[in-house]
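Working notes, structure below.
Number of protein chains: 2
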Amino acid sequence: MSDRADFDGRGCPSPLLHHTSIQLAHGAGGRLSSELIERVILPRFSNRILDRLEDQAVLQLPAGRVAFSTDTFVVDPIEFPGGNIGDLAINGTVNDVAMGGATPLYLSLGFVLEEGLEVDVFCRILDSMSAAAAKAGVMIVTGDTKVVDRGACDRIFINTSGLGIVREGVSLSATNIQAGDRVLLSGTIADHGMAVLTSREGLSFRSSVRSDTCALNGLVADLMDASPNLRALRDPTRGGIATTLNEFAKAAGVGIRLQDHAIAVRDDVRGACEVLGIDPMYVANEGKLIAVMPEDEAEAALAAARANAAGGAAAIIGEVTAEHAGMVSLVTALGSERIVDMPVGEQLPRIC
Amino acid sequence: MSDRADFDGRGCPSPLLHHTSIQLAHGAGGRLSSELIERVILPRFSNRILDRLEDQAVLQLPAGRVAFSTDTFVVDPIEFPGGNIGDLAINGTVNDVAMGGATPLYLSLGFVLEEGLEVDVFCRILDSMSAAAAKAGVMIVTGDTKVVDRGACDRIFINTSGLGIVREGVSLSATNIQAGDRVLLSGTIADHGMAVLTSREGLSFRSSVRSDTCALNGLVADLMDASPNLRALRDPTRGGIATTLNEFAKAAGVGIRLQDHAIAVRDDVRGACEVLGIDPMYVANEGKLIAVMPEDEAEAALAAARANAAGGAAAIIGEVTAEHAGMVSLVTALGSERIVDMPVGEQLPRIC
Numbered sequence: 073m074s075d076r077a078d079f080d081g082r083g084c085p086s087p088l089l090h091h092t093s094i095q096l097a098h099g100a101g102g103r104l105s106s107e108l109i110e111r112v113i114l115p116r117f118s119n120r121i122l123d124r125l126e127d128q129a130v131l132q133l134p135a136g137r138v139a140f141s142t143d144t145f146v147v148d149p150i151e152f153p154g155g156n157i158g159d160l161a162i163n164g165t166v167n168d169v170a171m172g173g174a175t176p177l178y179l180s181l182g183f184v185l186e187e188g189l190e191v192d193v194f195c196r197i198l199d200s201m202s203a204a205a206a207k208a209g210v211m212i213v214t215g216d217t218k219v220v221d222r223g224a225c226d227r228i229f230i231n232t233s234g235l236g237i238v239r240e241g242v243s244l245s246a247t248n249i250q251a252g253d254r255v256l257l258s259g260t261i262a263d264h265g266m267a268v269l270t271s272r273e274g275l276s277f278r279s280s281v282r283s284d285t286c287a288l289n290g291l292v293a294d295l296m297d298a299s300p301n302l303r304a305l306r307d308p309t310r311g312g313i314a315t316t317l318n319e320f321a322k323a324a325g326v327g328i329r330l331q332d333h334a335i336a337v338r339d340d341v342r343g344a345c346e347v348l349g350i351d352p353m354y355v356a357n358e359g360k361l362i363a364v365m366p367e368d369e370a371e372a373a374l375a376a377a378r379a380n381a382a383g384g385a386a387a388i389i390g391e392v393t394a395e396h397a398g399m400v401s402l403v404t405a406l407g408s409e410r411i412v413d414m415p416v417g418e419q420l421p422r423i424c
Numbered sequence: 073m074s075d076r077a078d079f080d081g082r083g084c085p086s087p088l089l090h091h092t093s094i095q096l097a098h099g100a101g102g103r104l105s106s107e108l109i110e111r112v113i114l115p116r117f118s119n120r121i122l123d124r125l126e127d128q129a130v131l132q133l134p135a136g137r138v139a140f141s142t143d144t145f146v147v148d149p150i151e152f153p154g155g156n157i158g159d160l161a162i163n164g165t166v167n168d169v170a171m172g173g174a175t176p177l178y179l180s181l182g183f184v185l186e187e188g189l190e191v192d193v194f195c196r197i198l199d200s201m202s203a204a205a206a207k208a209g210v211m212i213v214t215g216d217t218k219v220v221d222r223g224a225c226d227r228i229f230i231n232t233s234g235l236g237i238v239r240e241g242v243s244l245s246a247t248n249i250q251a252g253d254r255v256l257l258s259g260t261i262a263d264h265g266m267a268v269l270t271s272r273e274g275l276s277f278r279s280s281v282r283s284d285t286c287a288l289n290g291l292v293a294d295l296m297d298a299s300p301n302l303r304a305l306r307d308p309t310r311g312g313i314a315t316t317l318n319e320f321a322k323a324a325g326v327g328i329r330l331q332d333h334a335i336a337v338r339d340d341v342r343g344a345c346e347v348l349g350i351d352p353m354y355v356a357n358e359g360k361l362i363a364v365m366p367e368d369e370a371e372a373a374l375a376a377a378r379a380n381a382a383g384g385a386a387a388i389i390g391e392v393t394a395e396h397a398g399m400v401s402l403v404t405a406l407g408s409e410r411i412v413d414m415p416v417g418e419q420l421p422r423i424c
């Protein structure tokens, strides 16, 4: 192609010399694999560790305990209002590492691409990943790309695994949670799940709902500064805040009593939930966290969260009780109380 | 079900209370997800880190540099003579970590399951993973399970990411390779690729070919003991030894001259390659490595490899030259020499 010499590794739609869509040969380990890696993937994540192109990264980690997490992303559709499978995959693993009280540092990428995936779509996803990694302050240090035949996967799946260093003296776990603790939620709920759901073919109704996908490592650092005895952190993704809080109650053998009025839901999200008959408490978030801390640290934690862009709408949504161990309840505006159960089955498949 | 009380976490075919195949709800984060994880997956990998069931493992790593690697496995069929996608996924990442001169310690698992996958097939795969991890001496410390709708993936894909500690003073890289070095191959080639290919529907011809999938970390340790100035290690998976050696030649800016007679191919594998018109040099291996070391350490390295069960058929297959930089050549039994090129495209899709 005539633009071969001009190519700088960016600038779709012609990053691959002879193809505008992914071919099986791009995953076979030969010349076309090298071309895909060296012309399309590497230029977006280049750093001295990744550029070695060995089958493993060799890292000199700072002293301390290491947090290690993995997540595979299969969201459908792969692009949705507010994000795509790429930034979702970066932020999701950054957040899982951060929820261990850690500073995320290094990520791996594992792609499964379906034969026929448009190269320009892949490039858009990679650009989002690159931007999200830069924003979260993490480096992509190793990766793997497989291509499967048409019909053997749905366009693209992405695994990210991540490493971070746990802050000294911090040991977060659901089992730390005690009666009297307070429950902080960092913002509005159900944004991500409803953005994906309403953007699916046949379900769009001119919605303004956008995914909340974002990295929460900065917010986590601020919360740890403000609450030295922070008990536990978790990002309520699949299954929503109802599932995360049930997991907390079960792991710690405590009750959790929530105040309905304190749980914020955007008007457009609430509207979409009502139309579809879905309870926002069970819908996935991708840029929110739940933190539990002692009562006397709750005020400082809340102030710290609100001062961070990712926690501007933070609120204390409930308290931990000794009674009703293993159960989550919700006090409504009228003062009645109902059980918030663990969901049994599938509300929203392939939301992340 | 009447067997509920007797269930011990093993013993298919009834590990899930109400289902003999995977449902979308098993990936939704609710009760059925918990059931799948706690009754089927956890009992096979149980350890104090994984059992915490947090979204990340917190590890106290030994001092030293960390090797970090990732690989997604999409092999078709998922069960083949000599192994299945499960032990392949464990051994593959153990080997990628080990090839960095490291002792593999911890692995993550990321499953993508297709709705309808038989639970007993999944259990068989998990049992193989558990056995392979025990044999390699690695712990599974964190994981993720997604379920996609029928037709959105091909039964099961598995990502494994791994961590290990690099031996002190060791710094392996293809760029270390120098003219005069020797090239060691740890055994016969093309076993894995031909086992998968001949087991595919329509291609089986009562073959005795079996995959060579196995963990090579013990062999790597023995080679490092025997060759203090070991230059580089790599396991020649996708693209076979031809691809790995071309990558070495290119990265180091050297030539590599191979002796055809020294490269061992099992008779049944050679027969299958001839029937299908495939060059075994380009076929994937999953239990072999290529090591490059200084000439004066080659004899000790060879003896060490042969003393290890995974290297019994090891041989010195060639030498590194200053001329023909970036190229690999093969000297035949008749003394003629031909170029062994990088493969352009797809020989064998979904071999790992």
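Order-wise, the sequence lines are chains A and B.
Take any residue in the first sequence, note its place counting from 1, add 72, and you have its number in the working numbering.
Take any residue in the second sequence, note its place counting from 1, add 72, and you have its number in the working numbering.
We put the beta carbon where it would ideally sit given N, CA and C, even for glycine.
Keep in mind it's a predicted model, so treat the numbers as computed, not measured.
Residue i and residue j closer than 7 Å at C-beta
i: Ala373 (chain A); j: Ala324 (chain A); result: no
i: Gly101 (chain A); j: Gly102 (chain B); result: no
i: Val169 (chain A); j: Gln132 (chain B); result: no
i: Gly398 (chain B); j: Lys322 (chain B); result: yes
i: Asn301 (chain B); j: Met211 (chain B); result: no
i: Met308 (chain B); j: Asn380 (chain B); result: Sequence inspection shows Pro at residue 308 (chain B); the Met mentioned does not correspond to that position. Not closer than 7 Å, so no.
i: Ser233 (chain A); j: Ser180 (chain A); result: yes
i: Arg303 (chain B); j: Glu391 (chain B); result: no
i: Val299 (chain B); j: Glu369 (chain B); result: Checking the sequence shown, residue 299 (chain B) turns out to be Ser, not Val. Against a cut-off of 7 Å, the Cβ pair of Glu369 (chain B) and Ser299 (chain B) comes out as a contact.
Chain B within 7 Å of residue i, Cβ atoms only
i: Arg137 (chain A); result: yes
i: Arg272 (chain A); result: no
i: Gly252 (chain A); result: no
i: Val326 (chain A); result: no
i: Thr142 (chain A); result: yes
i: Lys218 (chain A); result: yes
i: Asp159 (chain A); result: no
i: Gly54 (chain A); result: No statement about residue 54 (chain A) is possible, as the shown extent of chain A runs from 73 to 424 and does not include it.
i: Arg103 (chain A); result: yes
i: Ser258 (chain A); result: no
i: Thr393 (chain A); result: no
i: Arg76 (chain A); result: Only weak support exists for where Arg76 (chain A) lies, its pLDDT of 33 falling under 50; the value from the coordinates is given anyway. Taking Cβ atoms only, chain B never reaches closer than 7 Å to Arg76 (chain A), which makes this a no.
i: Pro85 (chain A); result: Interpretation of Pro85 (chain A) is limited by its pLDDT of 43, a score under 50 that renders its predicted location unreliable; the figure taken from the coordinates is listed afterwards. False, the Cβ-Cβ gap to chain B never drops below 7 Å.
i: Thr175 (chain A); result: no
i: Asn163 (chain A); result: no
is_contact[residue i, chain A] using C-beta, thresh 7 Å
i: Ala129 (chain B); result: yes
i: Ser180 (chain B); result: yes
i: Ala205 (chain B); result: no
i: Phe117 (chain B); result: no
i: Arg82 (chain B); result: Low per-residue confidence applies at Arg82 (chain B): pLDDT is 44, beneath 50, and the placement is therefore not dependable, though the value from the model is reported in the following sentence. No, because no Cβ of chain A sits closer than 7 Å to the Cβ of Arg82 (chain B).
i: Asp284 (chain B); result: no
From the options, residue whose alpha carbon lies closest to that of residue i
i: Leu185 (chain B); options: A:Gly154, A:Phe145, A:Glu151; result: A:Phe145
i: Leu361 (chain B); options: B:Leu348, B:Glu346, B:Pro176, B:Ala382; result: B:Ala382
i: Ser401 (chain B); options: B:Val364, B:Glu110, B:Asp216, B:Met353; result: B:Met353
i: Ala139 (chain B); options: A:Arg137, A:Glu126, A:Asp148; result: A:Glu126
i: Arg378 (chain A); options: A:Gly265, A:Thr260, A:Leu181; result: A:Thr260
i: Pro153 (chain B); options: B:Glu367, B:Asp263, B:Leu291; result: B:Asp263
i: Gly172 (chain B); options: B:Arg137, B:Glu391, B:Arg272; result: B:Arg137
i: Asn163 (chain B); options: B:Thr285, B:Gly343, B:Val364; result: B:Thr285
i: Val292 (chain B); options: B:Leu269, B:Val242, B:Val130; result: B:Val242
In DSSP terms, what residue i is bridged to
i: Tyr178 (chain B); result: B:Met211, B:Leu235
i: Lys218 (chain A); result: A:Val184
i: Leu256 (chain A); result: A:Ala363, A:Ile388
i: Ser299 (chain A); result: None, per the DSSP bridge assignment.
i: Arg103 (chain B); result: DSSP, once it has assigned bridges, lists no residue as partnering Arg103 (chain B).
i: Asp192 (chain A); result: BP columns for Asp192 (chain A) are empty, so no partner.
i: Asn156 (chain B); result: B:Glu151
i: Leu402 (chain A); result: A:Leu330, A:Arg410
Cβ distance (whole Å) where residue i is taken to contact residue j below 8 Å
i: Ala387 (chain B); j: Leu257 (chain B); result: 6 Å
i: Gly188 (chain B); j: Ser93 (chain B); result: 5 Å
i: Asp332 (chain A); j: Thr404 (chain A); result: 5 Å
i: Gly236 (chain A); j: Gly215 (chain A); result: Contact doesn't hold; Cβ gap of about 18 Å is too wide.
i: Gly99 (chain A); j: Val219 (chain A); result: 3 Å
i: Glu244 (chain B); j: Leu305 (chain B); result: Note on identity: in this sequence residue 244 (chain B) is Leu, with Glu being the wrong assignment. That pair is a contact at about 6 Å.
i: Ala104 (chain B); j: Val147 (chain A); result: Sequence check: residue 104 (chain B) is Leu here, not Ala. Not quite, the Cβ-Cβ distance comes to about 20 Å (not below 8 Å), so this is no contact.
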